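Read through the structure below, which is laid out as structure tokens, and then see the notes.
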Amino acid sequence: MASTPPPPYVAVLFTNRLAPGTDHAYDTTAARMLALAQTIDGFFGIESIRAADQTGITISYWRDYESIETWRTHPEHLDAQAAGRREWYDWYELRIAEVTRASSYTASNV
28 MASTPPPPYV AVLFTNRLAP GTDHAYDTTA ARMLALAQTI DGFFGIESIR AADQTGITIS
88 YWRDYESIET WRTHPEHLDA QAAGRREWYD WYELRIAEVT RASSYTASNV
């Protein structure tokens with residue numbers, strides 16, 4: 028689970044489905060994008076999950092819209108976005124939301 032400060036902060040929700048036959052290059056690029064995002068001032072963390080039908084959601088957490096814009100326009104990220112549209116995704120949706128409240132729970136046996 029991503030470690031975030033108390034709100035407010037901003038979340039980017041990236042919902043997608045991988046195309047059939049998506050190769051190892053996707054995983055390599057995803058790992059590189061995470062490493063790159065971690066170098067951007069204002070990046071707090073990421074949570075991601077993928078279902079058996081290859082539908083997935085990744086939520087990244089950011090200090091503010093300026094941090095997201097730095098990420099969105101980074102040259103390597105722009106290249107990865109183009110590859111995603113060209114090779115890896117059947118579809119995707121991107122949403123940006125302001126987090127105004129957060130709470131958490133962890134079971135005592137975890």
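Take any residue in the sequence shown, note its place counting from 1, add 27, and you have its number in my numbering. In this text, a Cβ means the ideal position worked out from N, Cα and C, and glycines have one as well. The model shown is predicted, which means the values in this text are computed figures rather than measured ones.
- Here Ile84 really is in contact with Thr42; their C-beta atoms are around 5 Å apart, less than 8 Å.
- If you keep only unbroken alpha helix (DSSP H) runs of at least 4 residues inside the segment 81-106, you get 92-99.
- For Tyr53, the enclosing alpha helix (DSSP H) stretches over residues 51-64.
- Collapsing the DSSP output to three states places Gly111 in a helix.
- Residue state for Ala38 is assigned as strand, using DSSP reduced to three classes.
- Going by DSSP, Ala124 is part of the beta strand (DSSP E) stretching over 116-126.
- In the DSSP assignment, Gly72 falls within the beta strand (DSSP E) that extends over 70-77.
- The beta-carbon separation of Tyr92 and Val37, rounded to 6 Å, stays under the 8 Å limit for a contact.
- Ranking Thr31, Thr100, His51, Pro33 by CA distance to the CA of Leu63 puts Thr100 first.
- Here the C-alpha atom of Arg122 lies approximately 34 Å from the C-alpha atom of Ser135.
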